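Participant: My questions will all concern the structure given below.
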Amino acid sequence: MAVFVVRRLIVSFFILLVSTFLIFVLVAHSGDPYGDLRGDHSPNLPQKMAHRTAILHLDEPDPQRYVRWLGGAAKCVVPGMTCDLGRTVHDQDVTALLGQAVASTLWLVTAATVLAVLLGITVGIVSALRQYSGFDYTVTFSAFLFFSLPVFWVAVLLKQYLAININNWYDDPRVGPVAALVLALLSGLTWGAIVGGPGTRRWIVRGIAAVATFGLLMYLSAVDWFARPALGPALIVVISCGIAVVVTELVSGLRRRGVLYACLITAGIGSVVQFLVTPWLQDAKWASWTNVLLLAVVAVVVAAAVGYALGGLDRGQAVRASVLTGLGIGSVIVVDEILRAVPAYSNAVGGRIVATIGSQTPDFTGTFWQGVLDQITHLVLPTLAIMLISFATYSRYSRATMLETMNQDYVRTARSKGLTERTVVMRHAFRNALIPLTTLAAYDFGNILGGAVITETVFARRGMGTLFVMGLSQTDPNPVMGFYIVTAVSIVIFNMISDIAYAYLDPRIRLS
Amino acid sequence: MAETETPQAVPAGPVPRQPAASLLEREFTVRAMTQRELVTRRFLRHRGALFGLAVFLCALILAYTSIGALGLPGWWAQKYSTTGGLTNGGGPTLSLWPLRIGTHPFGQDDVGRDYFALTMRGTQRSILIALTVGLVATATGVVVGAVSGFFRGWVEGLLMRITDVFLTVPLLLIAAVVGRFSSGGPLQLAMLLGLLVWTSLARLVRGEFLSLREKEFVEAARAMGAGSGRIIFRHILPNSLGTIIVNATLTIAQAILLETSLSFLGFGVQSPDTSLGKLIADYESAFTTRPWLFWWPGLFIVAIALSVNFVGDGLRDAFDPKQTRVRA
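Note that the protein sequences, when read in sequence, are chains A and B. Going by the numbering used here, the first residue of the first sequence is number 1, and it counts up by one from there. Going by the numbering used here, the first residue of the second sequence is number 1001, and it counts up by one from there.
Structure representation (structure tokens):
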């Protein structure tokens, strides 16, 4: 293992050396570094040219410039020295620019990846289980459509069409009866297709889903919920119990009483603790990401303890299910806080809640949760744009692997042993279908970063993508190299993690 | 060959074999199909693929005949470069009911250029680039993959190192950098992009060759004295044709999106020439006042990419020996 990691690191180091040199030389020769000065007729032009020559070292041969850059970049990994990634044509420090940009891009890329993985795998698995059904065909067609959509087109569409329409709707946020009816029918169709089964059962599911959606939308509009959204303590209790039941059903089945009780007790603790935690979360001084993370850790520990104590024979499953329940309830409480920040935030930004430009509202002052909401509203559209394509990849791929595992002999063995369908799907097929996806996740990361370049340009986010586009269009190697070095190092690390994870998940594969 | 050898292999007995054979012939009327017939038949049964092929051909014919190409005039009266006064406020004159095309079916841009002609010009450029990229990438990928899979040695080592380097670079990044070298010419751009995207195909072809070169039929061919060239072109390459064709198709779909993205960012096709991506970039800011300037090129990109993807899917199913759903 250690040998494998060390060997991979050494090989990756040389690959990075080659590719950085390649990109550096290509960018340096892709245009005229004095391009913007050519039309300049001011008397101090020679000084300007000389200044640019000095900051970019244009009078030196390429290898020497590259080694100079490499020397500066090497300082990042040597402890006790400060990073020096060179300066831009406008004499700004690339390291400082990159520092701000990385965080913005990281949020975007992480959000898009996580959502695409979760949604894509879920949809892919369901469509594999309902192969050749209406749901499967719809998903297949949408995946093809998403593959064929240009990211920039979708991004502009979301920005100019969806965002503006949602914002206009938010002036008077109510769902009319006709719109509610249409949404209800759609929801009925979707749920019917997902649940499947014989005709009568599907019609019952469709009916329940449609009526529930319609009722919910009309009720929410009547109490003006969209303008002042919140979950409230009672609803949190209900949702917590729901999460407990669903998690138990997925992890072990409801017949394992120990697991069910562990989850329900965790849900109960969560329901009580919310009253204790809410004042802290609303305290301006207390609320921060560190403290929220701290709460999450406490939730995991408590939930694990509950699962351990009540699990009995199914201790492992109980701990797992209980921890998942605990995290779920924690997220619900956080979501509630964010929703409560909506009215004040909406006032602060003049009712245009979906932002189309930048990564945060300039000079925005508000509570911690309003700040979080501000970041989220700026992230929604770019994330959606990048996500679509990755979503298509994940759903197609997980459908294919799931179909393959469902046809394996061990799945037939599991069935013939008399195991329930849930156990066969979740414990035998699903887990094995996930293994090849680790490779895909590493490969897809590069694609997502490419998508980030485009969406950051469309939505004018100051991230690494804009740094890259600006650097390249001015024939300025340093910002491009800054973008590339972060990207390449993360891709290398991702690939390594995915190889290690693959070997860990699939014992047939031996590293080194 | 088999027919001429049969009489030698089976010694002529007192009982003539002819009637029995004809009896068998009548009883089993199934004729063995060649690989090509099988594939064609499976492909023709894939409705999505046929539809995709039809859409792609329609777009191709529409784009190349309407405004003309290679100096030949087209049937569309307007030129994509002539400016002029606005009809209908620059809006599209196309209406489906009653069906009416009008002088400017897709509308006009801010200086009165006919947007249908502009979109057709962009479509021509984008299709040309995509097909060239597909051709260049497939040719390079097949040659490098075949050589490295068959002969191994230093070519294989070099190929693996090159693909390793490419794995660490997001495609869009390197394509954008390379796109700046093309000085805006569509063919140059296509060549350069083609020289970038061949690595994945080369790896696939190499894999095919690695497994096929160990097969018995290759050994048999070698035992009969066939040279490397004959083995590669007559025995291995036809067997890996499926992988190659499918991936060439998918490369074309990918190339359309890559080219339009580059042109959108400003690193692809440059003015005075245009492409679908460049059209969208040029008129992005006009979305609120003239949305049609944004819709038409986008719809053409989606239609072309989607149809090519469907064709690729149909080809994949047709070449897949495990495919059992449509029995040939």
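Glycine included, C-beta positions come from ideal geometry on N, C-alpha and C. Remember, it's a predicted structure, so these values are computed and weren't measured experimentally.
1. Can you give, in chain order, each stretch of the alpha helix (DSSP H) that sits fully within the segment 427 to 465 of chain A and has at least 4 residues?
2. Quick one: which chain A residues come within Cβ less than 8 Å of Ser-1126 of chain B?
3. Taking Cβ-Cβ distances below 8 Å as the criterion, which residues of the segment 1163 to 1176 of chain B are in contact with chain A?
4. What three-state label does DSSP hand Ser-1095 of chain B in the structure shown?
5. Are the C-beta of Asn-1309 of chain B and some C-beta of chain A separated by less than 7 Å?
6. Hey, Gly-1194 of chain B and Val-1133 of chain B are a contact pair by Cβ (cut 8 Å); roughly how many whole angstroms apart?
7. Please name the residue or residues paired with Arg-1100 of chain B in a DSSP beta bridge.
8. Does the structure place the segment 24 to 36 of chain A close enough to the segment 460 to 477 of chain A that three or more beta carbon pairs sit under 8 Å?
9. Is the segment 1082 to 1101 of chain B touching the segment 1260 to 1276 of chain B, taking contact as three or more C-beta pairs under 8 Å?
10. Counting only Cβ pairs nearer than 8 Å, list the residues of chain A close to Gly-1298 of chain B.
11. So, does the CB of Phe-1264 of chain B fall closer than 7 Å to a CB anywhere in chain A?
12. Could you name the residues of chain B that Leu-16 of chain A contacts, counting a contact when the two beta carbons are closer than 8 Å?
13. Rounded C-beta distance between Met-402 of chain A and Ile-125 of chain A? I'm assuming under 8 Å.
14. For Leu-264 of chain A, collect the residues of the same chain with a Cβ closer than 6 Å to its Cβ; drop the 5 residues on either side in sequence, then sort them by chain order.
15. Just to confirm, is the Cβ distance from Phe-1310 of chain B to Ala-1059 of chain B under 7 Å?
16. Could you pull out every residue in the same chain whose Cβ sits closer than 8 Å to the Cβ of Val-335 of chain A, ignoring the five residues on either side in sequence?
17. Can you give the beta carbon distance from Phe-146 of chain A to Leu-294 of chain A, rounded, assuming they're within the 8 Å contact cut?
18. Looking at the structure shown, is Arg-130 of chain A part of a helix, part of a strand, or coil, going by DSSP?
19. Compare the C-beta of Ile-1301 of chain B against all C-beta atoms of chain A and say whether one is closer than 7 Å.
20. If we define contact as Cβ-Cβ less than 7 Å, is Ile-491 of chain A a contact residue for chain B?
21. Cβ of Pro-1092 of chain B within 7 Å of Cβ of Trp-1295 of chain B?
22. DSSP three-state label for Gln-1000 of chain B, please.
23. Rounded to whole angstroms, what is the Cα-Cα separation between Val-175 of chain A and Thr-213 of chain A?
24. Hey, quick one: how far does the alpha helix (DSSP H) through Pro-1186 of chain B stretch, first residue to last?
25. For a contact meaning CB atoms closer than 7 Å, what does Ala-1305 of chain B contact in chain A?
26. Taking the alpha carbon of Met-1160 of chain B as the point to measure from, which residue in A:Val-67, A:Cys-76, A:Ile-15 and A:Asp-59 has its own alpha carbon closest?
27. Of the choices A:Trp-369, A:Gly-465, A:Val-425 and A:Val-77, whose alpha-carbon is the least far from that of Asp-283 of chain A?
28. Using a C-beta cutoff of 7 Å, does Arg-1042 of chain B count as contacting chain A?
29. Evaluate contact between the segment 396 to 413 of chain A and the segment 426 to 436 of chain A, counting only Cβ atoms and requiring at least three cross-stretch pairs below 8 Å.
30. Here's a check: name, in chain order, each residue in its chain whose Cβ is nearer than 8 Å to the Cβ of Glu-1284 of chain B, leaving out the five neighbours to either side.
31. Any idea which residues DSSP pairs Arg-1230 of chain B with across the strands?
32. Given Thr-325 of chain A, which residues of its chain have a CB within under 7 Å of its CB, disregarding the five upstream and five downstream residues?
33. Throw me the rounded Cβ distance for the Val-1205 of chain B and Thr-1243 of chain B pair, which I believe falls under 8 Å.
34. Where DSSP assigns a beta bridge to Asp-93 of chain A, which residues make up the other side?
35. Using beta carbons (cut-off 7 Å, strictly below), is Ser-19 of chain A in contact with chain B?
36. Classify Gln-274 of chain A: buried if its beta carbon has 16 or more other beta carbons within 10 angstroms, exposed otherwise.
Facilitator: Short version:
1. Runs of the alpha helix (DSSP H) inside the segment 427 to 465 of chain A: 431 to 434 and 437 to 458.
2. Think of a sphere of 8 Å around the beta carbon of Ser-1126 of chain B: no beta carbon from chain A falls inside it, the nearest being about 11 Å out.
3. For the segment 1163 to 1176 of chain B, which is checked against every Cβ of chain A, the residues closer than 8 Å are Asp-1164, Val-1165, Leu-1167, Thr-1168, Val-1169, Pro-1170, Leu-1171, Leu-1172, Leu-1173, Ile-1174 and Ala-1176.
4. The answer is strand: DSSP assigns Ser-1095 of chain B an E or B state.
5. Answer yes: the Cβ-Cβ gap between Asn-1309 of chain B and chain A drops below 7 Å somewhere.
6. Yes, they are in contact, since the Cβ atoms of Gly-1194 of chain B and Val-1133 of chain B sit about 4 Å apart, within 8 Å.
7. The partner list for Arg-1100 of chain B (beta bridge, DSSP) reads B:Ser-1095.
8. Contact annotation: the segment 460 to 477 of chain A touches the segment 24 to 36 of chain A, with at least three C-beta pairs closer than 8 Å.
9. No, they do not touch.
10. Ordered by position in chain A, the residues that pass the 8 Å Cβ test against Gly-1298 of chain B are Pro-150, Trp-153 and Leu-157.
11. So yes, Phe-1264 of chain B belongs to the interface.
12. Going along chain B in sequence order, the residues near Leu-16 of chain A (Cβ under 8 Å) are Thr-1168.
13. The pair is a contact, with the Cβ atoms about 5 Å apart (cut-off 8 Å).
14. So the qualifying residues of the chain are Ala-244.
15. Pairing Phe-1310 of chain B with Ala-1059 of chain B gives a Cβ-Cβ distance that is not under 7 Å.
16. Closer than 8 Å at the Cβ level, and outside the excluded window around Val-335 of chain A, lie Leu-231.
17. Contact between Phe-146 of chain A and Leu-294 of chain A is absent: CB atoms are separated by about 38 Å, not below the 8 Å threshold.
18. Correct three-state label for Arg-130 of chain A: coil.
19. At a cut-off of 7 Å between beta-carbon atoms, Ile-1301 of chain B makes contact with chain A.
20. Chain B contact via Cβ: present.
21. No.
22. The shown model of chain B, from 1001 to 1328, leaves out residue 1000 of chain B, and the question about it has no answer.
23. Each residue's Cα considered, the two are about 12 Å apart.
24. Per DSSP, Pro-1186 of chain B belongs to the alpha helix (DSSP H) from 1186 to 1194.
25. The contacting residues are Ser-148.
26. Of A:Val-67, A:Cys-76, A:Ile-15 and A:Asp-59, the residue nearest in Cα terms is A:Ile-15.
27. With distances taken between Cα atoms, Asp-283 of chain A lies closest to A:Trp-369.
28. No, Arg-1042 of chain B does not count as interfacial toward chain A.
29. Under the Cβ criterion (8 Å, minimum of three pairs), the segment 396 to 413 of chain A counts as touching the segment 426 to 436 of chain A.
30. These residues qualify, in order along the chain: Phe-1294.
31. The secondary-structure analysis by DSSP pairs Arg-1230 of chain B with nothing; it has no beta-bridge partner.
32. Only Ile-243, Ala-244, Val-247, Cys-263, Thr-266, Ala-267 and Ala-303 meet the Cβ criterion.
33. Val-1205 of chain B to Thr-1243 of chain B, Cβ: 7 Å. Contact.
34. Within the DSSP secondary-structure output, Asp-93 of chain A pairs in a beta bridge with A:Arg-87.
35. Answer yes: the Cβ-Cβ gap between Ser-19 of chain A and chain B drops below 7 Å somewhere.
36. Answer is buried; the Cβ neighbour count reaches 16.
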